[in-house]
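Residue numbers (my numbering): 82 to 643.
Here is the structure:
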């Protein structure tokens, strides 16, 4: 009987399976490739990085059920702890371990294949100098996100899901400014010809391993078998296993295990014989980042024998030094914005004037079964950080919401998702509903159904505008914004009130809170609400322009610096 090889059905996974089959055929062993779709292949959402082993569990389960004899995986996707019933039979000879950052090619830049045909690496510093402020980059990998954001907190990570070819299409469409991919996968796909049509439109930078060690096992194909068949299949191991690759990957995975992490841990660990390169972020790096604070990366470049693991720890956040004089008073309640501004000598007091009450029963459920293709799946449109928080809560008990693409109006909403563990698929970088509508109309096909949760006080205007633009829109009251009783807070005439929504403006007025002369608000609808309220009749009202922290800093430097 032929050896049955279990694999995922993507082009890259099939390349790996065919490589195993070819090696066995050369040794005179007949094979049969059996394809399956994993949960990782059946999701487009941005929470992949929180689910260990999505790409391997189904295939290994088929192995245990006796439907296949061996299972083929990318080693970097395999958790450090696997079921006792599964054994690693072999590691094939490792390919390149580097990551590539792909960009849309500009005039006179080398093509993607030009980059693949040389071995030139780019330092992380030089790479970051190329990326414009506020750019988006596509990856859900904790390692890649933590290494980039530790140096460039202005960047916005996006979830660009699907097969590698699909991700590249998203880059070419302009959905994302840069895309982080494993070079080994790109090289393997090149041999299939599927990238030929894109080569002239793409360029790339190969990141130096000293700055950017690989994920443990990256570039390596591993073969699993049932533990009780390990000896029986030892002849396959003698054909497939590469001793040095096995030794390197085992070392990498042992250090990852020492760190207490799994395949999703924010760690780059690369062994080359006796040489070792390591970069590890704090386990809670995301929380630290979203609070607007810096975090340190543990770095090591030396011999394996001399290596001592010193896990980085994020210390208790320091007390924010109070800034005397005028300040922002914000209903947005963003610790990140407050911290970033405080580091520039600009004070901000957060004052919550609303209670957010999720209406989770109203969110659609079990809707994906009606679609025959992921291309038909709806997008979840998020218009504010409040809607983002409710979407996170909904996704915890509503798997279909977690699996679809999330579209954020701007940076603040995208970061509200990121803080809670979800990387959105699209960030429109829009400042108001008009710009958001323009972005959606220009970048999302009208055949895509849109899900739009809104607050209990929000008008149906945006939903109707989307419908008028030709979209099939399902909108519902996803959460209640309820005014809450707020104690008076000291306000000076030179303070500046930042109002995040119409609901916040109404609550501020209902509480009779003192208002400074200057108000900056988010969106034209909020401005119209403020102007309609007698409470704000003597105030100067302007609309926030551009990313929040950058605009507030610029405004303050122009209007309040003395």
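Just so it is clear, CB atoms sit at the ideal spot from N, CA and C, and this is done for glycine as well. Every value quoted in this text rests on a predicted model; they were computed, and no experiment measured them.
Could you tell me the alpha carbon to alpha carbon distance between residue i and residue j, rounded to whole angstroms?
| i | j | result |
| --- | --- | --- |
| residue 598 | residue 434 | 19 Å |
| residue 625 | residue 498 | 21 Å |
| residue 175 | residue 219 | 25 Å |
| residue 350 | residue 528 | 43 Å |
| residue 636 | residue 182 | 34 Å |
| residue 99 | residue 112 | 10 Å |
| residue 371 | residue 417 | 6 Å |
| residue 298 | residue 156 | 5 Å |
| residue 196 | residue 284 | 7 Å |
| residue 139 | residue 279 | 32 Å |
| residue 199 | residue 295 | 19 Å |
| residue 184 | residue 611 | 43 Å |
| residue 426 | residue 118 | 53 Å |
| residue 530 | residue 501 | 25 Å |
| residue 242 | residue 454 | 15 Å |
| residue 394 | residue 161 | 22 Å |
| residue 121 | residue 570 | Caution applies to residue 121, whose pLDDT of 49 falls short of 50 and renders its modelled position unreliable; the value that the coordinates give is listed next. So the two alpha carbons sit approximately 49 Å from each other. |
Using a Cβ-Cβ cut-off of 8 Å (strictly less than) and excluding sequence neighbours within five positions of residue i, which residues of its own chain qualify?
| i | result |
| --- | --- |
| residue 270 | 92, 93, 96, 245, 246, 276 |
| residue 388 | 336, 357, 359, 381 |
| residue 314 | 150, 151, 170, 306 |
| residue 639 | none |
| residue 238 | 217, 218, 219, 220, 221, 226, 229, 230, 499, 504 |
| residue 385 | 332, 352, 355, 356, 357 |
| residue 272 | 96 |
Count the other CB atoms within 10 Å of the CB of residue i; is the residue buried (16 or more) or exposed (fewer)?
| i | result |
| --- | --- |
| residue 391 | exposed |
| residue 484 | buried |
| residue 293 | buried |
| residue 179 | buried |
| residue 147 | exposed |
| residue 557 | exposed |
| residue 526 | exposed |
| residue 408 | buried |
| residue 254 | exposed |
| residue 108 | exposed |
| residue 311 | exposed |
| residue 536 | buried |
| residue 480 | exposed |
| residue 88 | buried |
Would you check if the distance between the CB atom of residue i and the CB atom of residue j is smaller than 9 Å?
| i | j | result |
| --- | --- | --- |
| residue 540 | residue 215 | no |
| residue 168 | residue 286 | no |
| residue 233 | residue 262 | no |
| residue 490 | residue 511 | yes |
| residue 449 | residue 471 | no |
| residue 224 | residue 346 | yes |
| residue 151 | residue 84 | yes |
| residue 513 | residue 605 | yes |
| residue 463 | residue 487 | yes |
| residue 581 | residue 607 | yes |
| residue 595 | residue 572 | yes |
Can you tell me whether DSSP reads residue i as helix, strand or coil?
| i | result |
| --- | --- |
| residue 179 | coil |
| residue 632 | helix |
| residue 374 | coil |
| residue 297 | coil |
| residue 112 | strand |
| residue 563 | strand |
| residue 196 | helix |
| residue 164 | coil |
| residue 551 | coil |
| residue 152 | strand |
| residue 286 | strand |
| residue 557 | strand |
| residue 129 | Interpretation of residue 129 is limited by its pLDDT of 44, a score under 50 that renders its predicted location unreliable; no figure is taken from the coordinates. |
| residue 172 | strand |
| residue 463 | strand |
| residue 436 | strand |
| residue 430 | strand |
| residue 444 | coil |
| residue 380 | strand |
Can you find the residues in the same chain that come closer than 7 Å, C-beta to C-beta, to residue i, ignoring five residues on each side of it along the sequence?
| i | result |
| --- | --- |
| residue 166 | 145, 307, 308 |
| residue 321 | 101, 104, 171, 173, 304 |
Tell me which same chain residues have a C-beta within less than 6 Å of the C-beta of residue i, skipping the five on either side of it?
| i | result |
| --- | --- |
| residue 588 | 434, 435, 564 |
| residue 445 | none |
| residue 590 | 614, 616 |
| residue 411 | 429, 431, 579 |
| residue 575 | 407 |
| residue 325 | none |
| residue 441 | 475 |
Does the beta-carbon of residue i, which I'm using as the reference point, lie nearer than 8 Å to any heavy atom of the ligand GTP?
| i | result |
| --- | --- |
| residue 597 | Absence of the ligand GTP from the depicted structure is noted, as is the absence of any ligand whatsoever, leaving it without description. |
Is residue i close to chain C, meaning its C-beta is less than 9 Å from at least one C-beta of that chain?
| i | result |
| --- | --- |
| residue 524 | In the structure shown, chain C does not exist; there is a single protein chain. |
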